[in-house]
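One structure is given here, and the rest of the page talks about it.
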């Protein structure tokens, strides 16, 4: 533009003072997260064809317009949730740095100690300078696709981070492929971006990414719960039968009984523990990271503590059970073995409840709303009753008295306060976790 329309509606030359004023207005709009447009016109000579190149000079400025591109509702809260979950969110954009910083502040991405730089400055940094810059960098403005790819590569290689990248354009494909998790936009995204990504966000909403992270953590934790439960059952069953066979020459748990226990452990246990829905506490913990242990110190603490309790109960019944229940005669052995089997199963039933939480003492929270878990527990107890009371020839058991049932259930129930006490023992959860970064 070389002319502009002043407040009187007159066309006057665009001098340096007015040009500086207009630039200040543009900068002010940008700092308020507004996208700026300059409205200008130029009178063309008669006979001008639209096929000709449009001239870039000689325009008259009508005015500067700021367009608000509002942030979606819930984005700021989602960014805060990510930060509490140990997920660092970075913004990489082609906007100018003032607009980028304003939007990043509005979303909660740019903090007081964060750094915002432009792509040109980022490209000039050496590897050593990038190593110092990247941990503090939260906004990269005026960036190119290569800048995005470079940042992702450095985070994965130099910092050993787990990186998730969002993108919608064809030029985002290299960064999407380089990342551990590529997230393409389902509405605005191109087919090339979708094919290069691992996950397609159908509603193009950042909050959906937080939901994905929450469900991913839930699946991971549920598998850990099941493995903890499974190892406890296996360890106790092995110790009980092995030690009993070594010292008495007879194993209290028969093959059919162990088959039923394994059914509880594998099929029903997996169904119960793997269907636990995610909760908000999952997003208050640091991510596991690349080098995190699957079986953590917390899990080993729970496994060892619960196994010792169950083995102590089984061994006590094996050695003192006849005296405790007043069993005599030829029928005493099968009754005692049935009590041991029944107690062992109820130990697993209550341990299954304790396994709902690996660290929290309150394991009953939310259980009433999990119909599958309640159904598995009810089914296990029902079939255990049928197996003991009516299928003695098949399972090598004998019907128990009401007192024997109550004591079996009591020994199983005591595993819950024991598990709660074990959780009070402080251990290091796992190795120092990496932080998942989402540019």
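Numbering (the working numbering), first residue to last: 811 to 1249. For every residue, glycine included, the Cβ atom is placed at its ideal position computed from N, Cα and C.
Residue i, DSSP secondary structure in three states
i, result
"residue 1009", "strand"
"residue 1209", "coil"
"residue 948", "strand"
"residue 1251", "No answer is possible for residue 1251: the residues shown for the chain start at 811 and end at 1249."
"residue 1225", "helix"
"residue 1243", "With a pLDDT of only 44 at residue 1243, under 50, the local geometry of the prediction cannot be trusted, and the value read off the model is given with reservation. Correct three-state label for residue 1243: coil."
"residue 954", "coil"
"residue 976", "strand"
"residue 926", "strand"
"residue 1043", "helix"
"residue 899", "strand"
"residue 1230", "helix"
"residue 1235", "coil"
"residue 913", "helix"
"residue 822", "strand"
"residue 1248", "Residue placement at residue 1248 cannot be trusted, given a pLDDT of 47 that sits under 50; what the coordinates show is reported in the next sentence. In this structure, residue 1248 counts as strand in the three-state DSSP scheme."
"residue 1033", "helix"
"residue 981", "helix"
"residue 881", "coil"
"residue 1064", "coil"
"residue 1160", "helix"
"residue 908", "helix"
"residue 1051", "helix"
"residue 960", "helix"
"residue 968", "coil"
"residue 1216", "helix"
"residue 1058", "helix"
"residue 919", "coil"
Beta-carbon spacing of residue i, residue j below 8 Å
i, j, result
"residue 950", "residue 961", "yes"
"residue 975", "residue 996", "no"
"residue 845", "residue 877", "yes"
"residue 868", "residue 812", "yes"
"residue 1036", "residue 1080", "yes"
"residue 1026", "residue 1006", "no"
"residue 1206", "residue 1046", "no"
"residue 1119", "residue 1228", "yes"
"residue 913", "residue 948", "no"
"residue 1052", "residue 1157", "no"
"residue 766", "residue 964", "Summary: the structure shown does not reach residue 766, with the chain confined to residues 811 through 1249, and so no result is reported for it."
"residue 1162", "residue 1084", "no"
"residue 957", "residue 929", "yes"
"residue 874", "residue 835", "yes"
"residue 1160", "residue 1223", "yes"
"residue 1168", "residue 894", "no"
"residue 1091", "residue 1176", "no"
"residue 1164", "residue 1115", "no"
"residue 778", "residue 994", "This structure leaves residue 778 out entirely; the chain is present only between 811 and 1249."
"residue 926", "residue 911", "yes"
"residue 1013", "residue 998", "no"
"residue 955", "residue 982", "yes"
"residue 814", "residue 870", "yes"
First through last residue of the alpha helix (DSSP H) which encompasses residue i
i, result
"residue 848", "That residue, residue 848, is in no alpha helix (DSSP H); its beta strand (DSSP E) goes 844-851."
"residue 865", "Residue 865 -> no alpha helix (DSSP H), and no H or E assigned at all."
"residue 885", "885-894"
"residue 1264", "Residue 1264 falls outside the range modelled here, since the chain spans only 811 to 1249, and no answer is possible."
"residue 942", "937-943"
Where the beta strand (DSSP E) containing residue i begins and where it ends
i, result
"residue 1085", "Taken as a continuous stretch (DSSP letters only), residue 1085 belongs to no beta strand (DSSP E), as it is neither H nor E."
"residue 875", "870-878"
"residue 931", "Not the beta strand (DSSP E): residue 931 falls in the alpha helix (DSSP H), residues 929-933."
"residue 814", "813-815"
Handout entry: beta strand (DSSP E) segments (min. 3 residues) lying fully within the stretch 983-1031
Key = 991-995 and 1009-1011
Exercise for the section: Pick out the complete alpha helix (DSSP H) segments inside the stretch 1162-1207, 4 residues or longer, and give them in chain order. Expected result: 1181-1200 and 1202-1205
Handout entry: Touch test, the stretch 1216-1236 against the stretch 1104-1118, Cβ-Cβ under 8 Å, three pairs minimum
Key = yes
Exercise for the section: Answer yes if the stretch 889-905 comes into contact with the stretch 1028-1042, meaning at least three C-beta pairs across the two stretches below 8 Å, and no otherwise. Expected result: no
Practice task
Note down, one range per segment and in chain order, each alpha helix (DSSP H) of at least 4 residues found wholly within the stretch 1066-1139.
Solution key: 1079-1084 and 1107-1135
Practice task
Answer yes if the stretch 1177-1193 comes into contact with the stretch 1125-1141, meaning at least three C-beta pairs across the two stretches below 8 Å, and no otherwise.
Solution key: no
Exercise for the section: Inspect the CB distances between the stretch 1214-1229 and the stretch 1090-1107 and report whether three or more fall short of 8 Å. Expected result: no
Exercise for the section: Tell me, please, whether the stretch 1069-1083 touches the stretch 1183-1192 by the rule of three or more beta-carbon pairs shorter than 8 Å. Expected result: yes
Exercise for the section: Examine the Cβ distances between the stretch 1088-1099 and the stretch 1134-1152 and report whether three or more of them are shorter than 8 Å. Expected result: no
Exercise for the section: Please determine if the stretch 1133-1146 and the stretch 1201-1220 are in contact, where contact requires at least 3 C-beta pairs separated by less than 8 Å. Expected result: yes
Exercise for the section: Determine, using beta-carbon pairs with one atom in the stretch 1014-1024 and one in the stretch 882-897, whether at least three such pairs fall under 8 Å. Expected result: yes
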